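When we follow the numbering used here, the leftmost residue of the sequence shown carries the number 40, and every step to the right adds one. The C-beta atom is built at its ideal place from N, Cα and C for all residues, glycine as well. Since the structure is predicted, the reported quantities are computational estimates derived from the model, not experimental observations. Encoded as structure tokens, the structure appears first; notes follow it.
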Amino acid sequence: MKRARIIYNPTAGRELVKRQLVDILQVYEEAGYETSAFATTPEPNSAENEAKRAALAGFDLIVAAGGDGTINEVVNGIAPLEKRPKLAIIPAGTTNDYARALRIPREDPLEAAEVILKGKTFKIDVGQAGDAYFANIAAGGMLTELTYSVPSKFKTLYGYFAYLAKGAELLPRLRPVNVSIEYDGGKYEGAASMMFLALTNSVGGFEQLVPDAKLDDGKFTLLIVKAVGIADLLQIGAEILNGGKHVDDPRVIYKKTSKVVAKPLSDDRLMINLDGEYGGDAPMQFTNLQQHIEVVANIDDMPDSALTSREDKKLREYEEKFIEESKHIN
């Protein structure tokens, strides 16, 4: 029988996963997995270490139950391995960007677990940053400081509004960083307010920041906001909310790339945020590992444009239909 290991944060999401754990275990048993669970501890890399151990022990499925930080740790546990188990997600965090991109229910852990019963998976890209990995986003610059500044208890109580409140407080004090950013076919040198390197279309709860992101094409969506003032940032933010119009703004660089090298210039410090947590300082190289981990997803609810595999399938279907119909033209 196949085996699954649920790695859950017992304090995440008002302890909903913990309270529903027996029912969640039963769901994966129904899906054909002999299932066990592991509660993360306050020790550093608890989820990462358990994910690596379970993968090396031959588990077929790892279930990351918690916030984006728990998911990131699990990805870091299995991404370096030659033989990687499938990954499932039960979201129980503040923004749950990764689950949003995979169209996994974000309000009810049991409902999220039941996605496994649909039997749909696909292989998703993973980012590598130095020796670390990320599933959703790497970022650097002004607004990444928000993640480090909002206390965990505040995030638990107030969710995404905690970031907005802290952002209003910090914005007047933030300043651009002088950087060198190399990407496929180009390079930017100069002052930048922020840099985003996204794997999915959901970043900080916004789905219009990288509206054309694909999850399996081997490309990051690189977004660089040049040095601008507070008024400019607010205008760009309005463009993001207004259908993603920021992609054509001259104050923004918007590119698809499989690799990025970011370096600070002069004595500036460029702190790197990986999936919402501090991931070290630049200089740093980012590489897209195409279709690196197979994930359980609510594929039927995902747009065709999110997956190259589905777009290719649609194209083949149209081609086959055209060929078949052309036989009857004469």
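Between residue i and residue j, what straight-line distance do the alpha-carbon atoms span, to the nearest angstrom?
i, j, result
"GLU246", "SER344", "14 Å"
"ALA270", "ARG214", "13 Å"
"ILE128", "ALA336", "8 Å"
"GLU146", "VAL300", "37 Å"
"GLY198", "THR133", "Confidence in GLY198 is poor, its pLDDT being 47 and thus under 50, which makes the residue's placement too unreliable to answer from."
"ASP314", "ALA171", "11 Å"
"LEU346", "ALA140", "11 Å"
"ALA237", "ASN281", "19 Å"
"GLY283", "PRO250", "6 Å"
"PRO148", "GLY224", "43 Å"
"VAL456", "LEU60", "This structure gives no information on residue 456, because the portion of the chain shown stretches from 40 to 369."
"PRO83", "VAL113", "13 Å"
"LYS302", "ALA93", "36 Å"
"LEU120", "MET341", "28 Å"
Judging by CA-CA distance, which residue of the options is the nearest neighbour of residue i?
i, options, result
"LYS125", "THR134, LYS162 and GLY132", "LYS162"
"ALA131", "SER85, ALA152 and MET310", "ALA152"
"GLY169", "ASP288, MET323 and MET233", "MET323"
"TYR67", "GLU89, LYS41 and SER85", "LYS41"
"MET310", "ASP320, GLU316 and LEU304", "ASP320"
"ALA96", "SER85, ASP107 and LYS122", "LYS122"
"LYS226", "TYR293, ASP164, ILE176 and LEU280", "TYR293"
"LEU248", "THR239, PRO303 and ASP164", "THR239"
"GLU221", "ASN175, ASP255, SER232 and LEU262", "LEU262"
"SER305", "ALA178, GLY229 and VAL334", "GLY229"
"ALA178", "VAL154, THR160, VAL218 and ARG44", "VAL218"
"GLY106", "ALA94, ALA118 and ALA86", "ALA86"
"PHE405", "ARG44, PRO119 and ALA76", "In the structure as shown, the chain begins at 40 and stops at 369. Residue 405 is therefore absent and cannot be evaluated."
"ASN327", "THR260, VAL242 and TYR137", "THR260"
"THR272", "ASP256, TYR137, VAL291 and ALA138", "A small fix is needed here, since residue 272 is Leu in this sequence, not Thr. For LEU272, the nearest C-alpha among the options comes from VAL291."
Does DSSP put residue i in a helix, in a strand, or in coil?
i, result
"GLY319", "strand"
"VAL218", "strand"
"GLY158", "coil"
"GLU153", "helix"
"GLY116", "helix"
"GLY225", "strand"
"LYS298", "strand"
"GLY166", "strand"
"VAL242", "strand"
"THR326", "strand"
"GLY52", "helix"
"GLY283", "coil"
"GLU82", "coil"
"LYS91", "helix"
"ALA345", "helix"
"GLY97", "coil"
"ILE46", "strand"
"GLU333", "strand"
With the cut-off set at 8 Å, would you say residue i and residue j are in Cβ contact?
i, j, result
"LYS258", "SER297", "yes"
"ILE46", "ALA104", "yes"
"ARG72", "LEU55", "Rather than Arg, the amino acid found at residue 72 in this sequence is Tyr. No."
"GLY116", "LYS91", "yes"
"PHE235", "ILE279", "no"
"ALA78", "PRO49", "yes"
"GLY180", "MET233", "yes"
"LEU64", "ALA51", "no"
"PHE173", "ASN111", "yes"
"THR160", "GLU333", "yes"
Could you give the first and the last residue of the continuous beta strand (DSSP E) run that contains residue i?
i, result
"SER75", "72-78"
"THR260", "259-265"
"LYS125", "125-130"
"LYS253", "That residue, LYS253, is in no beta strand (DSSP E); it is neither H nor E in DSSP."
"ALA103", "100-105"
"ILE176", "176-180"
How would you write the range of the alpha helix (DSSP H) that residue i sits in, first residue to last?
i, result
"ILE269", "269-280"
"LEU55", "55-58"
"ARG308", "Neither: ARG308 is in no alpha helix (DSSP H) and is coded neither H nor E."
"ARG139", "136-140"
Counting only beta-carbon separations shorter than 8 Å, does residue i have a partner in chain C?
i, result
"ASP164", "Here chain C cannot be found, since the structure has a single protein chain."
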